[in-house]
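J.: Numbering follows my numbering, with no gaps: position 586 of the sequence shown is 858. Cβ coordinates follow ideal geometry from the N, Cα and C atoms, glycine included. Computed from a predicted structure; not experimentally measured. Structure provided below as structure tokens; questions to follow.
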Amino acid sequence: MERLEVDLARRTGAVFHGASGALYGLSDDGVPSDNTLAPLRVRTINQKAPGGLQHPNGDALVVAEPFFRTGGAEVHIYLQDVYPAWPYDNLGLDDYASHVDRLVRLVMAHPSPDRFVYVPFNEPDLNWYQLRADDGTEWERFFADWARIHRLIRSIHPGARIAGPNESAYDAGFLRAFLTWTAAENVLPDVLTWHELSAASLRDYRGNHAGYRQIEREVGVGPLPINVNEYGNRRDMSVPGQLVQWVAMFEDTKVDANLPYWDIATNYDSHVVQTNQANGGWWLLKWYGDLSGDTVAVTPPRPNTVDTLQGLAAVDDARRQAHVLLGGTAAPVEVVVSGVTAPLFAEQVRARVEKITWSGYDAAAPPPAPVADEVLPVTGGRVTVSVPGGDPMAAYRVVLSPPAPDLAVSPSWPPSPLWSSLWSASYEAEDASIVDGPVRTLGTPDDANQYAASGTRDVGPLDQDTSAVTLSVDVPHEGAYRLGILYGNQSGGPAQQALRVDGRLVRIVDYPETLNWAYRARRDVTVPLGAGAHEITLAASDPSTGRLAGAVTLDRLDLTAAPDQPRTDIYPADLATRRADAVEFVVVAAEDGYHDLAPRSGGRLQLRLGGIDVPDGVVPADGTARVYLPAGINRVAFVGGAPLAALAVTRVPAADVAVRTIEAEDPANTLSGGAAVRARDTASGGACVGGLGRGGALTVRVTVDAPGVYQLAVHYANNERSGGHEYNANLVSRAADITTTGGTHVRVWYRNTYSWHTFWSLVTPVHLLAGENEITFTNPDAPGPDIDKLAIAPLLL
């Protein structure tokens, strides 16, 4: 048992929300989606120079609009990313200065130029200069170049903010000299930046921060705003129990800090799945975004120690709530909260505990699981909350609030049965019986920039004819179970395994390609099991099929009893976001389709989705709205003065009869230009339409009964890539211009799916007229995605 101490009486400043920034977190407008960005309350991002050649996307001026409209404050521009090579091409400072001149003028043409911050040099200790050599000559050369570029930027943009020096690691000696020289020359940075890209940063960062502030005092400058604009390792990204350790120390020191760009620029640095879904790490960042009021003192058992229990906490007097975020240990934890006193709390408090664990880099996570919800006594201004152990990759949220009645017990609400806790168990592939499959160790502090793996090990690739993994399981009752398989596939195409139960072939499991062998996705399959013990085998071959296609790596397998009734999730209003005129919930849809939204309210409310009021979306008191939601994150808000206690959300598969599905290759559709039907065995009808864009177009005709807003789900594939890079995968999003008879004209960006054989769904609202409508896909500027099929559904039923 470990102990985390929280003192609500020791306030440490307003919640800063600085640690959710990202380097190349956005790639295109809508990639990732606004729904996934807005709840994080991101302050800063780093993106490439306008038109820069370092990467194919992530242009600062392109992504500024979606960033600003979702609440972002500042876009920092890596100016040297104008060059294509890494390390950067060194063509001399005159060449670079000519680029800087042009780039700053482009920024000045933006409607909000002062919301951009210039980063003139990125990791200069590794690019163009030998700053680590402690050589005064090299330092002086950099100082002179810094001054020239600083003055050039200010000559074009007089109010410009400039960030630096942006070394790859904290260097106290260099920073002292840099601040001394730049202060004397009147070219100080406006934002002081460096990187923390080592597991050792979890030990050293607070000392680095304190040392830097001491240098400022001794030199007589500042205090300057700090942006640790690249932090963390691959093994930290997407892992709640790792991220909470980083977020805690950056929030504690009230600095901005940005996640690193180790892999791809299309998924908020490994936290957004496809375009609109959240993994476990996203939920930790969302919990962080939910903090409000003031942070308070938190004392972990071993401060400044790598991979240990750490936490952060905040108290909001207006909401009468305290939130504690913690993780980083497999041990059970006692969260001891002091300062639990009137008027915020009385003699009892309601303590809610939620858990979120690692779901894989590219696997969606459900809403955080409730662990406990109980009323606890307050003794001497203290309350102790128990948090379970067993999972070092998990993070937990503890919410303290005044006692309140259980919202789920009303005889008339919610309108559907609650989705109660279901039996579930997890199994590590490396602990199973393995035939012809190597076991690898990944993501330890000694190899921190390797990918994470559950239990720090995985199995594979399982690429021999005899390769197999067999689990021994014991289930409580007969019925259907969902087997969630965390896997990797870099076979060059779809891979397959034979799934056997007690030696009997049950099905063939298909695995779409992943970014690499260790960048985990999840494949969910249903397995019928009788009560008791079984052996579940995943094998590369089966006597009835022979050798199957490709190979996979296996990590963790999650077995969960499948519900025999529609799932209903409850979202308490006191944990929702309060806006000026609305209460906004972050609602998770496991799949595209219709959901009943049932607010428990005392009056009529107007429904708002993704920040836009829904026509005819008025919900009466304790009424229901049936809405087609895309898979993943949905911002569901209710506008009006009526009191609102909670929202119940129930998936309604039966309502999907209202969905019209049209195969792109249907002969009734019109293809023009270079658009053509292409055989594709993984497409729903065995074919798709490619060649869209640059004159190629697809036009689909659909007849609807009523005018209004419809949800258009496009099932597409895209695997365009742009050149190579030392460690980044330069994936390219493709765009399609969608026009409808009803007046929609919108450009939609379709993220890379890793393979032309892998089809994802992206939902876009469109306007249709009563009667026959045409929906056209084209792009005059560039190739579009391959389209498999369309699903068209009224937004409201």
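Quick check on Q402: does DSSP put it in helix, strand or coil?
T.: Numbered from 1 along the sequence shown, position 130 holds the residue referred to as residue 402. Three-state result, Q402: coil.
J.: How long is the line joining the alpha carbons of V1134 and G963, rounded to whole angstroms?
T.: The structure shown does not extend to residue 1134, since the chain is modelled only from 273 to 1069, so the question has no answer here.
J.: Would you kindly check if the distance between the Cβ of D868 and the Cβ of R839 is under 7 Å?
T.: The residue given as residue 839 occupies position 567 in the sequence shown. The residue given as residue 868 occupies position 596 in the sequence shown. It is not a contact, given that the beta carbons lie outside the stated cut-off.
J.: Going by Cα to Cα distance, which pick from E395, P304, A926, R950 is closest to E937?
T.: As a first step, residue 937 must be located in the sequence shown, where it is residue number 665. When each option's Cα is compared against that of E937, the closest is R950.
J.: Whole angstroms are fine: how far does the CA of A520 sit from the CA of R591?
T.: Counting from one through the sequence shown, the residue named residue 591 turns up at place 319. Counting from one through the sequence shown, the residue named residue 520 turns up at place 248. Looking at the two C-alpha atoms, the distance is approximately 22 Å.
J.: At a cut of 8 Å, does the region 305 to 315 reach the region 637 to 655 through at least three beta carbon pairs?
T.: No: the two stretches stay apart, fewer than three of their Cβ pairs being nearer than 8 Å.
J.: For R574, which of helix, strand or coil comes out of DSSP?
T.: As a working mapping, residue 574 is identified with position 302 in the sequence shown. R574 falls in the coil class under three-state DSSP.
J.: Check for me: the beta strand (DSSP E) holding N480 runs from which residue to which?
T.: Indexing the sequence shown from 1 puts residue 480 at position 208. Per DSSP, N480 belongs to no beta strand (DSSP E); it is in the alpha helix (DSSP H), 473 to 491.
J.: Could you please give the first and the last residue of the uninterrupted beta strand (DSSP E) stretch that includes K558?
T.: Within the sequence shown, the letter at position 286 stands for residue 558. No beta strand (DSSP E) holds K558; the alpha helix (DSSP H) holding it covers 552 to 562.
J.: Please classify H371: does DSSP put it in a helix, a strand, or coil?
T.: Position 99 of the sequence shown, counted from the start, is the residue given in the question as residue 371. Reduced to three states, the DSSP call for H371 is helix.
J.: Tell me where the alpha helix (DSSP H) around L424 begins and ends.
T.: For the purposes of this step, residue 424 is identified with residue 152 of the sequence shown, where counting begins at 1. Counting along the chain, the alpha helix (DSSP H) containing L424 begins and ends at 408 to 428.
J.: Quick one: grab the DSSP three-state call for D796.
T.: Start at 1 with the first residue of the sequence shown, and residue 796 comes out as number 524. Strand.
J.: With 16 as the cutoff for other CB atoms within 10 Å, does Q1071 come out buried or exposed?
T.: This structure cannot speak to residue 1071, because the chain is shown only from 273 to 1069.
J.: Can you tell which of G958, G732, W418 has the C-alpha that lies nearest to the C-alpha of Y401?
T.: Numbered from 1 along the sequence shown, position 129 holds the residue referred to as residue 401. Considering only alpha carbons, the answer is W418.
J.: Count the other CB atoms within 10 Å of the CB of I842; is the residue buried (16 or more) or exposed (fewer)?
T.: Here residue 842 corresponds to residue number 570 of the sequence shown, with the count starting at 1. With 16 or more Cβ atoms within 10 Å of its Cβ, I842 is classed as buried.
J.: How is the alpha helix (DSSP H) around V516 delimited, first residue to last?
T.: Residue 516 sits at position 244 when you count from the first residue of the sequence shown. Start and end: 512 to 524.
J.: Along the chain, where does the beta strand (DSSP E) containing P902 start, and where does it finish?
T.: Along the sequence shown, one-based indexing puts residue 902 at 630. From DSSP, P902 is part of no beta strand (DSSP E); its letter is neither H nor E.
J.: In terms of residues, what are the limits of the alpha helix (DSSP H) holding W453?
T.: Residue numbering aside, residue 453 sits at position 181 when the sequence shown is read from its first letter. Here the alpha helix (DSSP H) through W453 covers 444 to 456.
J.: Measure the C-alpha to C-alpha separation of G408 and E439 and round it to an integer number of angstroms.
T.: Reading the sequence shown from its first residue, position 136 is the one you call residue 408. Reading the sequence shown from its first residue, position 167 is the one you call residue 439. Spanning the two alpha carbons is a distance of roughly 16 Å.
J.: In angstroms with no decimal places, state the Cα-to-Cα distance between Q546 and P664.
T.: Residue numbering aside, residue 546 sits at position 274 when the sequence shown is read from its first letter. Residue numbering aside, residue 664 sits at position 392 when the sequence shown is read from its first letter. About 26 Å.
J.: Among the residues of its own chain, which have a CB less than 6 Å from the CB of P604, if the five just before and after it don't count?
T.: Taking the sequence shown and counting its residues from 1, the one referred to as residue 604 is at position 332. Closer than 6 Å at the Cβ level, and outside the excluded window around P604, lie M273, P660, G661.
J.: Do D730 and R754 come within 7 Å of each other at the CB atom, strictly closer than that value?
T.: For the purposes of this step, residue 754 is taken as residue 482 along the sequence shown, with counting starting at 1. For the purposes of this step, residue 730 is taken as residue 458 along the sequence shown, with counting starting at 1. Against a cut-off of 7 Å, the Cβ pair of D730 and R754 comes out as no contact.
J.: Taking C-beta to C-beta, are Q477 and E468 nearer than 7 Å?
T.: For the purposes of this step, residue 477 is taken as residue 205 along the sequence shown, with counting starting at 1. For the purposes of this step, residue 468 is taken as residue 196 along the sequence shown, with counting starting at 1. In the sequence as displayed, the identity of residue 477 is Tyr instead of Gln. Result yes, Cβ atoms of Y477 and E468 sit closer than 7 Å.
J.: Is DSSP giving Q326 helix, strand or coil here?
T.: For the purposes of this step, residue 326 is taken as the residue at position 54 of the sequence shown. Reduced to three states, the DSSP call for Q326 is coil.
J.: Terminal residues of the continuous alpha helix (DSSP H) containing P338?
T.: To locate residue 338, count along the sequence shown from 1; it is residue 66. Residues 332 to 341.
J.: In whole angstroms, what separates the C-alpha of N505 from that of D888?
T.: Reading the sequence shown from its first residue, position 233 is the one you call residue 505. Reading the sequence shown from its first residue, position 616 is the one you call residue 888. Each residue's alpha carbon lies about 47 Å from the other.
J.: Count the CB pairs spanning the region 648 to 660 and the region 599 to 618 that are closer than 8 Å, and state whether there are at least three.
T.: Because the criterion of three Cβ pairs below 8 Å is met, the region 648 to 660 and the region 599 to 618 touch.
J.: What does a CB cutoff of less than 8 Å around P977 pick up in its chain, not counting 5 residues either side in sequence?
T.: The residue you call residue 977 lines up with position 705 of the sequence shown. It is Asp, not Pro, that sits at residue 977 in the sequence shown. The residues are A1042.
J.: List the endpoints of the continuous beta strand (DSSP E) containing N499.
T.: Here residue 499 is taken as the residue at index 227 of the sequence shown, counted from 1. N499 -> beta strand (DSSP E) spans 498 to 503.
J.: Using the beta-carbon count (16 or more within 10 Å), is S384 buried or exposed?
T.: Here the question's residue 384 lines up with position 112 in the sequence shown. With fewer than 16 Cβ atoms within 10 Å of its Cβ, S384 is classed as exposed.
J.: Determine contact between the region 790 to 808 and the region 746 to 753, defined as no fewer than three beta-carbon pairs at a distance below 8 Å.
T.: At 8 Å Cβ cutoff, the stretches touch.
J.: On the three-state DSSP scale, how would you describe L606?
T.: Walking along the sequence shown from the start, residue 606 turns up at place 334. According to the sequence provided, residue 606 is Glu. The question's Leu does not apply to it. Three-state DSSP puts E606 in a strand.
J.: Residues in the same chain with beta-carbon distance under 7 Å from A371, minus the five sequence neighbours each way, listed in chain order, please.
T.: Here residue 371 refers to the residue found at position 99 of the sequence shown. Here residue 371 turns out to be His, not Ala, going by the sequence shown. Within the same chain, H371 has close Cβ partners V354.
J.: Is it true that the CB of V858 sits closer than 7 Å to the CB of P311?
T.: For this step, residue 311 is matched to residue 39 along the sequence shown. For this step, residue 858 is matched to residue 586 along the sequence shown. Yes, these two residues count as a Cβ contact at 7 Å.
J.: Compute the Euclidean distance between the alpha carbons of A637 and P902, then round it to the nearest angstrom.
T.: For the purposes of this step, residue 637 is identified with residue 365 of the sequence shown, where counting begins at 1. For the purposes of this step, residue 902 is identified with residue 630 of the sequence shown, where counting begins at 1. Going from the Cα of A637 to the Cα of P902 covers about 15 Å.
J.: Using a Cβ-Cβ cut-off of 7 Å (strictly less than) and excluding sequence neighbours within five positions of D737, which residues of its own chain qualify?
T.: Here residue 737 is taken as the residue at index 465 of the sequence shown, counted from 1. Here the set comprises A812, S813, R819.
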